[in-house]
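These notes concern the structure reproduced below.
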Amino acid sequence: MKNNFYQHLLILCSISFLAACSSSYPEKGSGGLAENDFSAGFSPVLPDEPLGPEHGLRFDWQINKLHLDMLVQEGAKWCFPAAVVQNQERQNRIARELEGNLLLDAANDLIIQRKSLNKLEQQLTYVTSQADCTPPNNQENQQQELTTINTLFTLLNVDNQFAHNSSEINPKYMGNLAQAANILDENNELTLSITGHADASGSVDYNEKLALDRANQVKRYLSIFGLNPKRINASSLGSSAPLFQGDTAAVQLTNRRVSVEILSKSNTSASTNPRGLL
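Numbered per mature numbering (1 follows the signal peptide of the UniProt record, and there is no 0), the sequence shown spans residues -19 to -1, 1 to 259.
Right under this line is the structure:
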């Protein structure tokens, strides 16, 4: 798959470059569902400007987008729909950061996105070596589930979750957890993977424990709000994977967080067929 990906990637890069240099665009309203995506109006090309760091970041953004598009074509949309939705949301966030000239934030998110796409590619390679990723029998139900996953991702991955040196949850985030628990109660096929993080102000061992306490605290409150704890996995990365780089108060506030991935059991099992079976 990897060789196939890079062959297609070279072709798509050339097509994208030629398309970006063209002055002909479809009229608004004729671009299909992609017009609802922030990145649909985001151009990786900056014409008539001196080359600078932003050009390189926008090129990396385009490479990641092509990588994600290729994985979708290979079947990731059907085998790992939740992962695809969350990678698309992160791709949109990077585009917003680049448009807002938040270059350091975009650079760090690009690293996270690249790792996430590589992980998705490895998972897809393993699955497609044994089965075919095919559309589910009821695509309308899957679309509803993906909308739910996107809502949960937005609720659970907001900024300003914890105070400094604390695992106590901020009241606003507490409200988000209550909403998420209610949604999850109506969607039994979804589970959560919660990873705790800390800013870089403490020692490695201390940050590891604090980050795990934060993940477990989120798990605890989701359980209090009615979610079965068996549907939640909690782990820690300490301060080893900051969302943003830097030591300002705002950056540290953002890095004191949990990152939550929503996993779907029903879609994965329903959309894979063993090789050789009709």
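Glycine included, every Cβ here is placed at the ideal spot set by N, Cα and C.
Item                                                                                                          : Value
Coarse secondary structure for F134, derived from DSSP in three states                                        : helix
Three-pair Cβ contact test at 8 Å for the region 142 to 161 versus the region 213 to 220                      : no
Backbone secondary structure at N254 - three-state DSSP                                                       : Since pLDDT at N254 reaches only 44, below the 50 mark, its modelled position is unreliable, and the value read off the structure follows with that caveat. The answer is strand: DSSP assigns N254 an E or B state.
Residue from V66, F61, E55 and D86 whose Cα sits closest to the Cα of P34                                     : D86
Nearest-angstrom beta carbon gap, L79 and W42 [assumed within contact, 8 Å]                                   : 6 Å
Uninterrupted beta strand (DSSP E) stretches inside the region 181 to 211 (no shorter than 3 residues)        : none
Start and end residues, beta strand (DSSP E) containing T172                                                  : L171 to G177
Exposure label - P210; buried when at least 16 CB within 10 Å                                                 : exposed
Continuous alpha helix (DSSP H) stretch holding L218: start and end                                           : Looking at the DSSP string, L218 is not in any alpha helix (DSSP H), and its letter there is neither H nor E.
Minimum C-alpha distance to L136 - residue among Y187, L165 and L224                                          : L165
Start-end ranges of the beta strand (DSSP E) lying completely within the region 49 to 129, minimum 3 residues : 112 to 114
L244 - DSSP class collapsed to helix/strand/coil                                                              : strand
Meets three-Cβ-pair contact criterion under 8 Å: the region 107 to 115 and the region 63 to 73                : no
Identity of the residue in Q120, A181, V232 and S204 nearest N141 by Cα                                       : V232
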